[in-house]
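Going left to right, the sequence shown walks through residues 1 to 276 as this note's numbering numbers them. Backbone N, C-alpha and C fix where the C-beta goes; we use that ideal spot for every residue, glycine too. These notes concern the structure reproduced below.
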Amino acid sequence: MQLFNKSNLLFLLAIFTIGAVDAQEQEKNKRKAHRKGEVYAYWGWNRAYYGRSSVHFTGNDYNFTLHGVKGDDKPIGWNFHDFLDPTRVTIPQVNYRIGYFFKDNWAVSLGMDHMKYVVRPGQWVKSTGTINTPGYEDAIVDGEYIYLTDDFLHLEHTDGLNYLNAEIEYYHNFISSGFFKFNSIAGGGLGLLIPKTNATIMNNERHDKFHLAGWGLDAKVGAELLFWDLFFLRTELKEGVISMPDIRTTSSSSDKASQNILYLQWNYTFGFSWHF
Numbered sequence: 001m002q003l004f005n006k007s008n009l010l011f012l013l014a015i016f017t018i019g020a021v022d023a024q025e026q027e028k029n030k031r032k033a034h035r036k037g038e039v040y041a042y043w044g045w046n047r048a049y050y051g052r053s054s055v056h057f058t059g060n061d062y063n064f065t066l067h068g069v070k071g072d073d074k075p076i077g078w079n080f081h082d083f084l085d086p087t088r089v090t091i092p093q094v095n096y097r098i099g100y101f102f103k104d105n106w107a108v109s110l111g112m113d114h115m116k117y118v119v120r121p122g123q124w125v126k127s128t129g130t131i132n133t134p135g136y137e138d139a140i141v142d143g144e145y146i147y148l149t150d151d152f153l154h155l156e157h158t159d160g161l162n163y164l165n166a167e168i169e170y171y172h173n174f175i176s177s178g179f180f181k182f183n184s185i186a187g188g189g190l191g192l193l194i195p196k197t198n199a200t201i202m203n204n205e206r207h208d209k210f211h212l213a214g215w216g217l218d219a220k221v222g223a224e225l226l227f228w229d230l231f232f233l234r235t236e237l238k239e240g241v242i243s244m245p246d247i248r249t250t251s252s253s254s255d256k257a258s259q260n261i262l263y264l265q266w267n268y269t270f271g272f273s274w275h276f
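Structural data, given as structure tokens:
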């Protein structure tokens, strides 16, 4: 009888221990996965790389296209004044975004990718079309290559190539240890292009105002380090296409350009998340 009582006691103790461990594991997994209802916001910076593109220019006395044009972003060197001064937030290439987790692993977000794009001067490009502007009739020869100079054409979206976009994001947790979590991110989105274009075409007065010029699509992957379920560091690699059929180039509403650009963006951000 004594052996039986001891056996029962050991059996009950084992069941209790297994149950306690299982409950702790379930609670751990619940904490690990529970992000539904969470809101996050981040701020950071980007570098962008652009494929060659064709730029079509139209006006009252010209209609021409430059093919295979190279463009670059416009990063600045690191300094506290430009990167963190609120009055100079658009000087660097910046990203900011706010998001909401509608499920534990799914979020929707709205953000701005403030990229910059500059047509590289001093390059040879193929030209097609005609120019009848006095003094520039021979600036291009249909079907021939021309050498781009600033006195003929200067084009940049540096204030900037503004991509206002909505995205859907999927998060997968790889590591959850105490105050620290490591998550992967995959997602994509679409949005509007609202550049402030700095263009000087054949010495015409530039437009230099924000203008809704087109749309964009993107897909991304990323990684997130989350600390205390509050503060995070995040980096993303984003690939996308930008289509701008209505770029304002000069002060005349009849002068326009159109351009499609493939791009690759790397961003690095910091932010906060919280539950209401």
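{"Check": "From 234, 47, 196, 205, pick the residue whose C-alpha is nearest to that of residue 271; which is it?", "Outcome": "234"}
{"Check": "Just how far apart, CA to CA, sit residue 76 and residue 119?", "Outcome": "17 angstroms"}
{"Check": "Could you tell me whether the region 247-265 touches the region 224-239, where touching means 3 or more Cβ pairs closer than 8 angstroms?", "Outcome": "yes"}
{"Check": "Assign residue 277 to buried or exposed, taking buried as 16 or more other Cβ atoms, counted over all protein chains shown, within 10 Å of its Cβ.", "Outcome": "There is simply no residue 277 to check, as the chain begins at 1 and stops at 276 in what is shown."}
{"Check": "Would you mind giving the Cβ-Cβ distance between residue 246 and residue 165, rounded to the nearest angstrom? I have them listed as a contact below 8 angstroms.", "Outcome": "That belief does not hold up - the Cβ atoms of residue 246 and residue 165 are roughly 18 angstroms apart, past 8 angstroms."}
{"Check": "Alpha carbon to alpha carbon, how far is residue 212 from residue 161?", "Outcome": "11 angstroms"}
{"Check": "Does residue 270 have its Cβ less than 8 angstroms from a Cβ in chain B?", "Outcome": "Chain labels in this structure do not include chain B; a single protein chain is all it has."}
{"Check": "Please work out which residues of its chain come closer than 8 angstroms, Cβ to Cβ, to residue 127, disregarding the five sequence neighbours upstream and downstream, and give them in chain order.", "Outcome": "64, 65, 66, 67, 140, 141, 142, 143, 144, 145, 146"}
{"Check": "Is residue 302 helix, strand or coil when you go by DSSP?", "Outcome": "In the structure as shown, the chain starts at 1 and stops at 276, and residue 302 therefore has no counterpart that could be examined."}
{"Check": "Bridge partners for residue 181 per DSSP, in chain order?", "Outcome": "176, 226"}
{"Check": "Out of 190, 115, 171, 204, which one is the CA nearest neighbour of residue 154?", "Outcome": "204"}
{"Check": "To which residues of the same chain is residue 251 closer than 8 angstroms at the C-beta, ignoring the five residues directly before and after it?", "Outcome": "204, 205, 206, 207"}
{"Check": "Can you look up residue 276 in the DSSP assignment and give me helix, strand or coil?", "Outcome": "coil"}
{"Check": "Should residue 197 go down as buried or exposed, given a rule of 16 or more other Cβ atoms within 10 Å for buried?", "Outcome": "buried"}
{"Check": "In chain order, what are the residue ranges of uninterrupted beta strand (DSSP E) at least 3 long that sit wholly in the region 179-266?", "Outcome": "180-193, 197-201, 214-227, 231-248"}
{"Check": "Can you have a look at residue 333 and say buried or exposed, based on whether 16 or more other CB atoms are within 10 angstroms of its CB?", "Outcome": "A query on residue 333 cannot be resolved here, the shown segment of the chain reaching from 1 to 276 and no further."}
{"Check": "How close, in whole Å, do the beta carbons of residue 73 and residue 117 come, if the pair is a contact with beta carbons under 8 angstroms?", "Outcome": "7 angstroms"}
{"Check": "Is residue 174 closer than 8 angstroms to residue 225 when the C-beta atoms are compared?", "Outcome": "no"}
{"Check": "Rounded C-beta distance between residue 273 and residue 230? I'm assuming under 8 angstroms.", "Outcome": "7 angstroms"}
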